[in-house]
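Chemist: Supplied in structure tokens, the structure appears directly below.
There are 2 protein chains.
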Amino acid sequence: MANAFDGDGQEGRLPAREAALLERRTQRLGAAYRLFYREPVHFVRGEGVSLFDPDGNAYLDAYNNVACVGHGHPHVVQAMAEQAATLNTHTRYLTDGIIEYAERLLAYFPASLSQLTLTCTGSEANDLAYRMARTVTGADGVIVTDHAYHGVTTAVAQMSPSLGLGVAEHVRTVPPPDPHERRGPAGDVLAADVRAAAQDLSGHGIRPAMLLVDTIFASDGMLPEPAGSLRPAAAEIRAQGGLFVADEVQAGFARLAPAMWGFERHGLVPDLVTLGKPMGGGYPMAGVVTSPAVATEFGARTRYFNTFGGNPVACAVGSAVLDVLEQEQLREHVADVGAHLAAGLRELSSRHELLGDVRAAGLFAGVDVVREGQPAPDAADDIVNGLRDRRVLVSTSGPHEDVVKIRPPLVFARSDADRLLAALDETLTDLSRVGRAEP
Amino acid sequence: MANAFDGDGQEGRLPAREAALLERRTQRLGAAYRLFYREPVHFVRGEGVSLFDPDGNAYLDAYNNVACVGHGHPHVVQAMAEQAATLNTHTRYLTDGIIEYAERLLAYFPASLSQLTLTCTGSEANDLAYRMARTVTGADGVIVTDHAYHGVTTAVAQMSPSLGLGVAEHVRTVPPPDPHERRGPAGDVLAADVRAAAQDLSGHGIRPAMLLVDTIFASDGMLPEPAGSLRPAAAEIRAQGGLFVADEVQAGFARLAPAMWGFERHGLVPDLVTLGKPMGGGYPMAGVVTSPAVATEFGARTRYFNTFGGNPVACAVGSAVLDVLEQEQLREHVADVGAHLAAGLRELSSRHELLGDVRAAGLFAGVDVVREGQPAPDAADDIVNGLRDRRVLVSTSGPHEDVVKIRPPLVFARSDADRLLAALDETLTDLSRVGRAEP
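In order, the protein sequences belong to chains S and W. Count along the first sequence from 1, add 39, and you get the number used in this note's numbering. Count along the second sequence from 1, add 39, and you get the number used in this note's numbering.
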């Protein structure tokens, strides 16, 4: 895993308090858990764009999209507490909150996407989208991008090549759009690759049910451009009898502002849209948005009940997140600060040899780390850990783990971007002086 | 689905306010959603064992196990609000709450079950258990009971025959333990059925990875007896190379008190235990408990990250639920009130022809509804709707939808049980006078 603490002899770096905590953690939490950083960070408090360690040191959060309106936003906390004290039950009784929330959320979508089903996690949302696509198409095949990540259930882990476990026999991968268009216009190339993947599936007796795409290609290394390149692929999967599913778990909720959803940047309307991480500002909340045709066909064949999905507290919190997005005019804010951050990253790239391409949309940026024109994951790791030592949180991404991934809460200010840029400048200057910081 | 509102001409029964809400709901929520009751109930507030409609009428909740310590318990709400205002982030940073919670929860388990992995839903927990079992055994096959329910992800829906969608080709079903032991000692019969299912899988080239059992057999119709009958089956699946997975999503957390977990009643230690519904008192929270051997093998092969799973708010809420269980001595309370309720149900069964077997453990009871010795789902439906009209909430269960399912919050008092029993007595008396209440 990118930016993973491997524990292999690195415990010695940790202060005694954190070493003791890590020891207890190892005793009780399953070994599949992974921590970030060569020296993991320990947090006890969050506020706005800051996370605080037990000594009161503030870390600038330039990574976490879940706390999209900022850590501990009082309006979100209050909505959660008030609703939890009032009513919290499931969707087999009539309650008002889920209906009000659905109406409000769906107003952000094209008119044809008018049906909401709520789950608790993005994994559940993508898994449900697959159940729906299978039911509606009667087919099983899935096409994803080469280094996609869509979640951790049995079914979607098998559609997430970035986990390193391979993909299932009914899954095919295609290269994500190439920003440099080396094989030709990115949209045409992707559509041709989707057609070839569908035909390869068919050759094995498997018809395609869906093309599932993270509309910002976060784990493929952040590929916002060329905008529009998904449109021919969406048409192609439909021509092949499948559905186009936009995974907006990372891209959605104004992350790529001015766009509210990643698919908007591609000038298309998906058949299904999956939502997650920022939706509840930290409360476990996710969902699937579909056309009435998909919802009706699925509902005619089966029922779907998610004990906690769409409970009144989730809906109150989801609504509070929309309140903040609207009242604090975060779409305008994200577009402004995102442009400022991207310009600053490009300026750094022009001065520091280790930085290559800068790719950004809204407040989501990926910066290639290169040495002699080649991916330099070791240097990317040095940068991420150098920023951590300067109390700025980011991580890495991409098939070569060579892309610095910057994805702060949406309330990140221009001054926060400046602090990030200054810390990155310092880190790069240090690295150019001493070579790799770590053996 | 048992006790489903089918909307087919039944809207006319609804007051105008609820009819309008239902119309908006149908416009915006996916058609796979289902409501309970011939006349769905509309709730706006909950407190303790009561749910309130918009006119302030209190319904006695004898069905909901999620709000296990009562609706809107102030200690749970406060823990959630305080933690959400302080820190809410994920498990890739060191945080104290998850470690404290894991230590505390695992103290309730046998020493060999010492590793916790947290998810958000019981479906995710069972799905993860399957991933773990596959990884550890290198096998794919699954054995479940005839009318099991284990969740709604793609993988576990295919192991949930009660959904009516059939099971996957790598899944076999066995009859649950027969309380009447008509085929012989229930434990021996189940073990023989598991052996036959494993051999049938093997005959199709599929080795068994796990036997997955809801330890109270809730959807099989509530089968607490004979206690101990799972023990030979657990030995048998291990002899066949598979693992024994106890699904405690419904049975766990003192529901079957004095037992904390359903598997305790069977005198065995599972290889994996899955947890859910009551764990967070309404907050989306679930998990898998395993031995170090299982956790280590899984962790060596892959990582597991669940964005919201084990976040500080979930852990604070989970800990608050354990506080209440301990401080309000709910295990003793549940054992006492459960015995009182079961005795009352048996007394009613002795007087009312429609009631057959009463099966109960702790505060979980199933009552067969019969007519001339045969399952009578229509009468069960009449009873559930008659209780709803008397403002008491229960539902139905079982392969024939003929079992009245009673599963109240754990804080249900003797006086609440008496109210339920009186309403049931009245309902049965009415039904015996007029025959079926509904055409």
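We put the beta carbon where it would ideally sit given N, CA and C, even for glycine.
1) Consult DSSP for Pro113(W) and reduce its assignment to one of helix, strand or coil.
2) Assess, as a yes-or-no matter, whether the segment 267-287 of chain W is touched by the segment 242-253 of chain W under the definition of 3 or more beta carbon pairs within less than 8 Å.
3) Give me the Cα-Cα distance between Glu477(W) and Val181(W), rounded to the nearest whole angstrom.
4) Got a sec: is the Cβ-Cβ distance from Ala55(W) to anything in chain S below 8 Å?
5) Considering only DSSP beta bridges, list what Val352(S) is partnered with.
6) Buried or exposed, going by whether 16 or more other CB atoms sit within 10 Å of the CB of Gly19(W)?
7) Leaving out five residues before and five after Leu459(W) in sequence, what residues of the same chain have Cβ atoms less than 6 Å from its Cβ?
8) Please list, in chain order, the residues of the segment 141-157 of chain W that have any C-beta partner in chain S closer than 8 Å.
9) If you reduce the DSSP assignment to three classes, tell me which class Asp407(W) lands in.
10) Taking the CB atoms as reference points, tell me whether Thr174(S) and Phe292(S) lie closer together than 8 Å.
11) Check whether chain W comes within 8 Å of Phe344(S), counting only Cβ atoms and requiring the distance to be less than that.
12) Taking a Cβ distance cut-off of 9 Å, strictly less, list which residues of the segment 292-323 of chain W are near chain S, in chain order.
13) Checking 8 Å against the spacing of the C-beta atoms, do Pro216(S) and Pro271(S) come in under that value?
14) Which of the residues in the segment 78-89 of chain W, read from start to end, lie with their CB under 7 Å from any CB of chain S?
15) For His81(W), name the three-state secondary structure that DSSP assigns.
16) On a Cα-Cα basis, can you pick out the residue from Ala231(S), Ala150(S), His129(S), Thr160(S) that is closest to Pro323(S)?
17) So Met40(S) contacts chain W; which residues on that side make the cut at Cβ distance below 9 Å?
18) Bridge partners of Ile445(W), per DSSP?
19) To the nearest angstrom, report how far apart Val408(S) and Ala172(W) are at their CA atoms.
20) Could you spell out the range, first to last residue, of the beta strand (DSSP E) harbouring Thr329(W)?
21) In the structure shown, what three-state DSSP assignment does Tyr322(W) receive?
22) Just verifying my parser: in three-state terms, what is the DSSP assignment at Tyr132(W)?
23) Quick one, which residues of the segment 158-178 of chain S are near chain W if we go by CB-CB under 9 Å, in chain order?
24) Per DSSP, which residues does Ser454(S) bridge with? Please list them.
25) To the nearest angstrom, report how far apart Asp417(S) and Leu157(W) are at their CA atoms.
26) Taking only three categories from DSSP, how would you classify Thr65(S)?
27) Under 8 Å, Cβ to Cβ, is there at least one residue of chain W near Leu133(S)?
28) Checking the sheet assignment: what are the DSSP bridge partners for Asp286(S)?
29) Any beta carbon from chain S within less than 8 Å of Thr435(W)'s own beta carbon?
30) Note down, in chain order, all residues in the segment 244-256 of chain S with a beta-carbon under 9 Å from any beta-carbon belonging to chain W.
31) Taking CB distances under 8 Å as the criterion, tell me whether Val363(W) reaches chain S.
32) Whose Cβ in chain S lies nearer than 9 Å to the Cβ of Phe337(W)?
33) Tell me, please, whether the segment 304-314 of chain W touches the segment 199-212 of chain W by the rule of three or more beta-carbon pairs shorter than 8 Å.
34) Within 10 angstroms of its Cβ, does His243(W) collect 16 or more other Cβ (buried), or is it exposed?
35) For Phe75(W), decide whether its Cβ has a neighbour in chain S, counting only Cβ atoms nearer than 8 Å.
36) Does the beta-carbon of Arg472(W) have 16 or more other beta-carbons within 10 angstroms, so that it is buried, or is it exposed?
Modeler: Short version:
1) helix
2) yes
3) Confidence is the limiting factor: at Glu477(W) the pLDDT is only 48, short of 50, which leaves the residue's position unreliable, though a coordinate-based value still follows. Going from the Cα of Glu477(W) to the Cα of Val181(W) covers about 41 Å.
4) no
5) Partner residues in a beta bridge of Val352(S), as assigned by DSSP, do not exist.
6) Residue 19(W) lies beyond the residue range present for chain W, which begins at 40 and ends at 478; the question has no answer from this structure.
7) Ala101, Val431
8) For the segment 141-157 of chain W, residues whose beta-carbon sits nearer than 8 Å to a beta-carbon of chain S comprise Ala141, Glu142, Leu145, Ser153, Gln154, Leu155, Thr156.
9) strand
10) Against a cut-off of 8 Å, the Cβ pair of Phe292(S) and Thr174(S) comes out as no contact.
11) yes
12) Gly315, Lys316, Gly319, Gly320, Gly321, Tyr322, Pro323
13) no
14) Within the segment 78-89 of chain W, the residues whose Cβ lies closer than 7 Å to some Cβ of chain S are Pro79, Val80, His81, Phe82, Val83, Arg84, Gly85, listed in chain order.
15) strand
16) Thr160(S)
17) Arg342, Phe344
18) According to DSSP, which records beta bridges pairwise, Ile445(W) is partnered with Ala404(W).
19) 39 Å
20) 325-329
21) strand
22) coil
23) Thr158, Cys159, Thr160, Gly161, Ser162, Glu163, Asp166, Leu167, Tyr169, Arg170, Met171, Arg173
24) In the DSSP assignment, Ser454(S) forms no beta bridge with any residue.
25) 31 Å
26) Thr65(S): helix per DSSP, three-state reduction.
27) yes
28) Asp253(S), Thr313(S)
29) no
30) none
31) no
32) Gly69, Ala70, Ala71
33) Between the segment 304-314 of chain W and the segment 199-212 of chain W there are fewer than three inter-stretch CB-CB distances shorter than 8 Å, so the stretches are not counted as touching.
34) exposed
35) yes
36) exposed
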